[in-house]
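**Student:** Protein chains in written order, with the numbering used here: chain C, 1 to 667; chain X, 1001 to 1313; chain A, 2001 to 2220.
Cβ coordinates follow ideal geometry from the N, Cα and C atoms, glycine included.
For clarity, every value in this text was computed on a predicted model and none was experimentally measured.
My questions all concern the structure below.
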Amino acid sequence: MGNSQLQIGMANIAFRSLLVGLGIVVPLLLMANRAKRMRRIVAALIAVCSLAAAMAGATALFQHTAIRIELSVVTPFPFVLTLDQLSAFFLLLIGSAATPVAIFSASYFELHYSDQLRNWIWGFVSLFLLSMIVVVTASTIFAFLFAWELMTLVSAGLVLMEGDSPERSHNVFIYLLMMHAGAAAVAASFFLFLPFSHTQDFEGIRFSLATVPLGTRTAIFVLAFAGFGVKAGIIPLHLWLPRAHPIAPSPVSALMSGIMLKTAVYGLVRFAFDFLGGGPWWSGYVVLLIAAVTALLGILYAIAEHDLKRLLAYSSVENIGIIFLGLGTSLIFAAHHNFVGAALALTAALMHAFNHALFKSLLFLGAGAVSHATHTLDLNQLGGLQRRMPATGLAMLVGCCSIAGLPLFNGFISEWLTFRSFVAGSTVLNTKTQVILPLMVGILAMIGGLAAACFVKVFGVGFLGRPRSAGAEHAEEAPFAMRASLSLLAAACVCVGIFPGILLRPLGLVIGGLIPAAGLPADIVSFTRIIPWTAAIVLGIAGMAVLLSGGKRIARTWACGLPGLTSRMQYSSTGFSKPIRFVFARVYRPERKVERLPADQPYFPVSVSYSSVRTTSWERAIYRPFVDLFISIAYQLRRLQTGNIQVYLLYIFLALVCLLTFVRFER
Amino acid sequence: MKLVINLLQALMLILGAPLVRGVISRVKARLQRRRGASIWRPYSDLFKLLRKEDLVPPTSSVVFRIAPALLLGATACVAAFVPVVWPIGLLASRGDLFLLVYFLAFGRFFLSLGAFDGGSAFGGMGASREALVSSLAETPFLLALTAIAILASHADISGMIGWTLQQSFFNISTVHILAFTSLAMVVLAETGRMPIDNPTTHLELTMIHEAMVLEYSGPSLALIEAASAVKLHAMLALLIGLFMPWGMASSYSGGELGLAFIFYAAKVAGLIFVLALIESGVAKLRMYLVPDFLGVASALSALAVIFTMLVKR
Amino acid sequence: MGLVAIATSKILSSFSVFLFLSILLLAVARRISTNVLLFGVQSAVITAEVFATGFQEKLAEIYVVAAMVFVIKVMLIPRAFFVLTKKLKTVHDVKASTTPTQSVFIVAFLIYLSYAAVQSYGQEVRVPEDGLAAAVALILTGAFLMVSRRKALMQMLGLLVMENGIFLAALLTTFGMPLVIEIGIFFDILVGLLLMGIFTFRIRDTFDHLDVSKLRRLRG
């Protein structure tokens, strides 16, 4: 690609200017002026910065020398940003997803927030983007952890800005708690490197791998997996996801689900492949198992949901599971020194991360447009939106097709790569792997089928048929900025779906830097060239059929002789998912209550009410005992506080005595 | 020349599909001691529908109108993947089994959406049941195909068929028998035949596929009927190609191709007869027994995959 | 004669598949008549295998054994079961304690287990691995049927499936047992079945049902 020096220079300038823009210019502008025009400028600036991030990422991907920015002069610890190929890929991801979100927010924030909040929200969004960019480009421990914590705090702040009722505060509290626990694990895994590398710099860590003993390496992997796993939302550490994502403003949910989860994937890839060069031999199987459980349970919980944003949150859990399936497979291949397979699986995982960023942002932004138009997010209250909001509906249709993994859309490509890496597992010489990996094809197949069913429900119940409430009936098309951003994302999904080479070639360079292998197998590359032809066939035949069919006459649907069909006669979201919920009843275990009033006349009821409450079984089985244990320990520790001053003096005295004995025995 | 033959194969699958349907109905009728309609009846049905008027519900959107076309497009693409008389299909040498299965899912997705857009209760019911059946049928479908792909060391359909052609017919392989049984059960589920779904029922509460197309009429209905016929034919051709491909031409001389066509016709006739027997002999399964049926198929295909490891060792 | 030789060798090398299919279908069959039919098919496959072994080893004894297997296990015993079912006027359902999906996955796992077990000493004994694995799988499946089916008739069937497995294992490892032993084994089976038949009637007459899970007095 062209003049290498020029490219590096451009990427350098773009990167530095976006840092300055997001970090310094935007807050200053927001503090200076509260006018609407200023906010428009800020929105445009943020969008431009995101675009710059995408461009910087794209150009830096093709370079072999990394771009380095030293900021240590203003910080107590070393603070260096490096743009190597992996970071560049994730920078491209962030930029591609954030630009449409910024455009969307330009009109969303204007319409939804009070005057004093608007400036704050823009400031926080800018800071949020900046922190995520720093996370994927940091190359010292201090920079990484600083940006990691900043991400959590800023997103929590954004969620609280939407409202701080007790329930929301409780959810944000759980979010902060779990994120801090995860950050502690990540920090611990970093610090385990320090005695061997003597430097905070990632380069130093990479070089010191040979001196790290096996036990420490295992501990580092486990801690990193746990820490990044909490952030990514794998089961059983996912509890914060369905609590935090739905209550955030829609653009922020898009950023959190689309981008923030991917920073955790970045962290794990950086640790497992870059620092550790592949985990211990059992690591791949553990990751694979957890990923399979995560994906399956995620989609099962998603199908049972009728709140649109909670459904999308659980669907994010499922997609993270699919990404981790690819990661686990790659680790298994690496442990058996099958580098071609490892490269294939890692390509699948990273490509799914990128695709998910695109279509999940699309879906969350669409949910935002829907909630703006209808003031509700309950699928059971929506319906008939495709006729009232055609552009939004079409974009949501593309999003639903992509996430269902249908061919000609981008979700299919990464799922297909994951499938192919499973099938390639049959060439490994270990009998366990030869059986387990192909069997994973079956599990991913069921997950894909359930995902398709779930999003048929989302689009079918939410957008088609008759509107089920007044809000849905009076919905109006979304404003231009929202429509533009949705169309951008939809176009991106379709482009990557039909021409996957756009993404696969750069991804090959990234993987090549991590795993020393020859590129992708030949049949995979030739396959990607066939997809445009299939698109031509499908769209050609469909187009011919549409063109050749004559006019259509509007006639009412037959209502079996009744006066007419009402919207209540349609299938609701709960009804649609009933067969699947029935078959997988062991997973759900809801608490059901049916109440008939009046109670003493069962055959002439005035009203019958049915309620079914689902608490995910993980909360009951794993978290409650833990929480109860901690609370009981805390109660026991309370006994130390007697309130008696002589007892406190006794404690001080005992501490002195202990110290003296310790010093004495250390001699 | 190759392109022409491949195109002819795909056209054979598409245009011959209503004939397959007609023959199945006729054989079923004869088995039930009726005279049955002519085997060319589905063609006249399609032409009749194409001449009629297309009615759309007032609450429907653009999805209702384009769903049948997209369904036909996707199914026709699937037909391009499956070879008939010549081991290389139109796209079969590059497109692999996952693309085939997921194009079927593409068609099904849009059909379900079209069902919702009708605004009646039956559409949602059909879509809901179809969602259950298809999500459970994906596992045995992909696992059975994977087992054959592992044995053949090729994931594209042509590669798998070419490998099977090289095996001797009398080498009954455990993997193949298990995969065949499982795939046969999946074909019954995917194409909506007994015992999963009754294609000739007129009681809405017993429908799965038919419930989704209740609101369609005229040319749209013709497209949907054609698509489901093509799907059945393509699946039968896939079964034949993967498990009994002997007789396919190995060079593109007219004589060999003609002979291969006769062989193919005989095999399809055999499969049709077995299918008609099953349809006439078994009662439709209750909805919540279908997961058991597909669970058996999943276990069989999982066992097939496990046996590939035992065979390769 | 060449065709018969080919057919024999093919039967010998691939009969185990059909045995696997039969036990997988036994796991899901819900009616007593279907189970008995599957048992009949299984015994027919074993008869074919015995015939093929006889053809290969060229021993006349084995033909006699094959004929006995066919007459007793494919014709007499299923007929006896059908008559018994009709006389007992029992409901058709097998009353399994595991769902069909669970049963079929358990049996699939048992098949895998039998392969794993046979593999470890398949190299030492010059026995066809598939056949021996099929025999072990039959034994395990018979035991599983006895455990998970609650009708008394199904206990009998489970025992018969186990006996099929043991017979097959003995046949494969010794290439045909002496005829006297075969006759002795068959006699044992017949007497055992007769006794079980009588007891089934007694159980039904005393308790009015055949559900063995309700017979809980087996305590000291």
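Going by DSSP, which residues form a beta bridge with GLU70(C)?
**Tutor:** Answer is VAL80(C).
**Student:** Cα separation between MET1(C) and HIS64(C)?
**Tutor:** Because the pLDDT at MET1(C) is just 48, under 50, the model does not fix this residue reliably, and the point stays unresolved.
**Student:** Does the beta-carbon of GLN434(C) have 16 or more other beta-carbons within 10 angstroms, so that it is buried, or is it exposed?
**Tutor:** GLN434(C) should be labelled buried.
**Student:** Leaving out the 5 sequence neighbours to the left and right, which residues in its chain are closer than 6 Å to LEU437(C) when beta-carbon positions are compared?
**Tutor:** So the qualifying residues of the chain are PHE422, GLY425.
**Student:** Cα-Cα, which of LEU362(C), LEU177(C), GLY163(C), HIS170(C) is closest to LEU255(C)?
**Tutor:** LEU362(C)
**Student:** Does SER1173(X) get closer than 9 Å to chain A when you measure Cβ to Cβ?
**Tutor:** yes
**Student:** Between CYS401(C) and chain X, is there a C-beta pair that is closer than 9 Å?
**Tutor:** So yes, CYS401(C) belongs to the interface.
**Student:** To which residues of the same chain is ARG553(C) closer than 8 Å at the C-beta, ignoring the five residues directly before and after it?
**Tutor:** none
**Student:** Express the C-alpha separation of GLY1119(X) and PRO479(C) in angstroms, rounding to a whole number.
**Tutor:** 27 Å
**Student:** Name the chain X residues whose beta carbon is nearer than 8 Å to that of ILE2111(A)?
**Tutor:** Neighbours of ILE2111(A) on chain X, chain order: LEU1303.
**Student:** DSSP state of LEU1055(X), grouped into three classes?
**Tutor:** strand
**Student:** Using 10 angstroms around the beta-carbon of PRO100(C), count the other beta-carbons present and answer buried if the total reaches 16, otherwise exposed.
**Tutor:** buried
**Student:** Would you verify that the beta carbon of ASP2093(A) is, or is not, closer than 9 Å to some beta carbon of chain X?
**Tutor:** ASP2093(A) is outside the set of residues whose beta carbon lies under 9 Å from a beta carbon in chain X.
**Student:** Just grab the DSSP bridge partners of GLU595(C) for me.
**Tutor:** SER609(C)
**Student:** For GLN1166(X), count the other beta carbons within 10 Å of its own beta carbon; 16 or more makes it buried, fewer makes it exposed. Which is it?
**Tutor:** The Cβ neighbour count for GLN1166(X), taken over all protein chains shown within 10 Å, is under 16; the residue is labelled exposed.
**Student:** Quick one: does THR1164(X) have its CB under 9 Å from some CB of chain A?
**Tutor:** no
**Student:** Put THR140(C) into one of helix, strand or coil per three-state DSSP.
**Tutor:** Of the three classes helix, strand and coil, the one that applies to THR140(C) here is strand, per DSSP.
**Student:** Taking 9 Å as the threshold (C-beta atoms), are LEU158(C) and GLY23(C) in contact?
**Tutor:** no
**Student:** LYS552(C) by DSSP, collapsed to three states: which one?
**Tutor:** strand
**Student:** Which residues in the same chain have their Cβ closer than 7 Å to the Cβ of VAL2050(A), if we skip the five residues on either side of it in sequence?
**Tutor:** ILE2062, VAL2065, ALA2066, VAL2069, LEU2171
**Student:** Distance check for ALA232(C) and THR1174(X), CA to CA, integer angstroms please.
**Tutor:** 42 Å
**Student:** Rounded to the nearest angstrom, what separates THR347(C) and VAL186(C) at their Cα positions?
**Tutor:** 24 Å
**Student:** Which of the residues in the stretch 258 to 280 of chain C, read from start to end, lie with their CB under 8 Å from any CB of chain X?
**Tutor:** none
**Student:** So does the stretch 1291 to 1308 of chain X actually touch the stretch 2089 to 2107 of chain A, counting three or more Cβ pairs closer than 8 Å?
**Tutor:** They touch, by the three-pair rule.
**Student:** In chain order, what residues of the same chain lie with their CB nearer than 7 Å to the CB of PHE609(C), ignoring the 5 residues before and after it?
**Tutor:** Phe is not the amino acid found at residue 609(C); the sequence shown has Ser there. Same-chain partners within the cutoff: GLU595.
**Student:** Whole angstroms are fine: how far does the CA of GLY2142(A) sit from the CA of ALA2117(A)?
**Tutor:** 17 Å
**Student:** Could you please give me the residues that DSSP links to ALA2096(A) through a beta bridge?
**Tutor:** ARG2149(A)
**Student:** For the alpha helix (DSSP H) that ILE234(C) lies in, which residues bound it at each end?
**Tutor:** Careful: ILE234(C) lies outside any alpha helix (DSSP H) and carries neither H nor E.
**Student:** Just to confirm my understanding: we take LEU1070(X), look at its own chain, exclude 5 residues before and 5 after, and list those with CB closer than 6 Å. What are they?
**Tutor:** These residues qualify, in order along the chain: PHE1110.
**Student:** With 9 Å as the threshold, decide whether the Cβ of GLY972(X) is near any Cβ in chain A.
**Tutor:** Nothing can be reported for residue 972(X): it is not among the residues displayed for chain X, which extend from 1001 to 1313.
**Student:** Which word fits ILE13(C), buried or exposed, when buried means at least 16 other C-beta atoms lie within 10 angstroms of its C-beta?
**Tutor:** exposed
**Student:** Closer than 6 Å by C-beta to LEU92(C): which residues in its own chain qualify, once you throw out the five before and the five after it? Chain order, please.
**Tutor:** ALA54, GLY57, ALA58
**Student:** Put ASP201(C) into one of helix, strand or coil per three-state DSSP.
**Tutor:** strand
**Student:** When the Cα atoms are used, what is the spatial distance from SER1182(X) to GLY411(C)?
**Tutor:** About 28 Å.
**Student:** Indicate whether PHE1122(X) and GLY465(C) have their beta-carbon atoms separated by less than 9 Å.
**Tutor:** no
**Student:** My output table needs one value for THR152(C): the three-state DSSP class, helix, strand or coil.
**Tutor:** helix
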